[in-house]
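Working notes, structure below.
In this note's numbering, the protein residues as written are 3 to 341.
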């Protein structure tokens, strides 16, 4: 019989309306179980670890990501898969971070949550929780069907570092436009076997040294030298730059000079697009050729969430900025499509 560890961090899935104030307040996991008696029919043993202090996902941070990674490492040999209950607002950040932190993963780590509390009449929480557990315990030839970090929401399973939250009012909260879904839940669970990563080779290796010295430079027409310089001069080692279209920026000399100065001073600048669909193509247009020439890293089709957490991960592992840049442009955990 499969054994699944559920890690309950908080989020809407574990909220109930206070009868007096009508404000949503956290409940403990035993109350969640009371609302889903169907869990007993799943034919698996469920272990539960509930965070001592239930958190809103807006308060998520690298320290808590480290706690999650440590919990997975400590229970890795005892269970067949993991389901992490998490608020949807920052779920894609946490899933992306863990995808980089858990090297050689060969068991499912499935994030899920809900848009409505589990106690609500029309809740999406029950289906999300039940199917996430089904996916976490799914095996073929004694191997996990999905040995990677994923997000399950509204009948679809996404690669964790390819998804982002795009809607706060529909059950269909997540999308992954640059990579296919890994599974779909209907009458049957259908897995996209050609799109699922191969299991990791060797023992699980956990990387807990994330460095959050990362700034974000989001471009817009008319951005001033003062604004750009303030961000580039910040006391950080890495900068995620959100550009236009296929990675394009203004060709004003002051802008290119400021970027080059930051890179010459040892900072790593990663170019990702503000577009949700498509990829960065440094050098395709004149407006991005200079970026490539001065050493800006190509983020290809990475999501914003994956770009930020990958930068944190690499800065914690590597001191040499040029090596960080090289690794940013590599596909490490299925987070980007290399040209």
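Note that the Cβ used here is the ideal one computed from N, Cα and C, for glycine as well.
Spatially closest choice to residue i from the options, by CA coordinates
i           : options            : result
residue 37  : 86, 90, 129        : 129
residue 77  : 303, 5, 45, 13     : 5
residue 267 : 299, 22, 238       : 238
residue 278 : 258, 119, 168      : 168
residue 198 : 207, 208, 186      : 186
residue 90  : 227, 165, 341      : 165
residue 280 : 290, 249, 288      : 249
residue 173 : 138, 127, 182      : 127
residue 100 : 313, 326, 341, 329 : 313
residue 295 : 302, 265, 333, 176 : 265
residue 263 : 331, 334, 230      : 230
residue 251 : 234, 290, 286, 341 : 290
residue 374 : 286, 180, 19       : There is no way to answer for residue 374, as the model of the chain reaches only from 3 to 341.
Nearest-angstrom Cα separation, counted from residue j out to residue i
i           : j           : result
residue 276 : residue 121 : 37 Å
residue 68  : residue 210 : 6 Å
residue 319 : residue 240 : 13 Å
residue 321 : residue 236 : 18 Å
residue 88  : residue 113 : 7 Å
residue 57  : residue 43  : 29 Å
residue 297 : residue 269 : 10 Å
residue 171 : residue 117 : 7 Å
residue 50  : residue 232 : 46 Å
residue 258 : residue 214 : 25 Å
residue 10  : residue 288 : 49 Å
residue 282 : residue 292 : 14 Å
residue 26  : residue 97  : 25 Å
residue 256 : residue 227 : 7 Å
residue 21  : residue 102 : 42 Å
residue 223 : residue 274 : 17 Å
residue 184 : residue 105 : 20 Å
residue 79  : residue 23  : 44 Å
residue 194 : residue 327 : 32 Å
residue 182 : residue 175 : 16 Å
residue 253 : residue 74  : 47 Å
residue 192 : residue 247 : 34 Å
residue 150 : residue 225 : 40 Å
residue 66  : residue 196 : 33 Å
Contact check, residue i vs residue j, beta carbons under 8 Å
i           : j           : result
residue 205 : residue 148 : no
residue 272 : residue 202 : no
residue 154 : residue 134 : yes
residue 123 : residue 8   : no
residue 242 : residue 216 : yes
residue 59  : residue 13  : yes
residue 304 : residue 338 : yes
residue 300 : residue 284 : yes
residue 244 : residue 220 : yes
residue 152 : residue 145 : no
residue 208 : residue 71  : yes
residue 139 : residue 83  : yes
residue 333 : residue 340 : yes
Contacts around residue i, its chain only, beta-carbon distance under 8 Å, and the 5 residues preceding and following it disregarded
i           : result
residue 95  : 62, 307, 310, 311
residue 47  : 3, 4, 5, 6
residue 132 : 38, 40, 41, 44
residue 315 : 99, 102, 103, 209, 212
Residue i, DSSP secondary structure in three states
i           : result
residue 162 : helix
residue 332 : coil
residue 314 : helix
residue 17  : strand
residue 289 : helix
residue 153 : strand
residue 108 : coil
residue 255 : helix
residue 2   : What the structure shows of the chain is the stretch from 3 to 341, and residue 2 is not part of that stretch, so it cannot be assessed.
residue 228 : helix
residue 60  : helix
residue 10  : strand
residue 268 : coil
residue 53  : coil
residue 42  : helix
residue 300 : strand
residue 338 : coil
residue 175 : coil
Same chain, Cβ closer than 6 Å to residue i, neighbours up to 5 away in sequence not counted
i           : result
residue 55  : none
residue 323 : 268, 270
Cutoff 7 Å; reference residue i; Cβ partners in own chain excluding five residues on either side
i           : result
residue 125 : 116, 118, 119
residue 178 : 160, 161, 164, 165
residue 35  : 41
residue 81  : 5, 6, 7, 49
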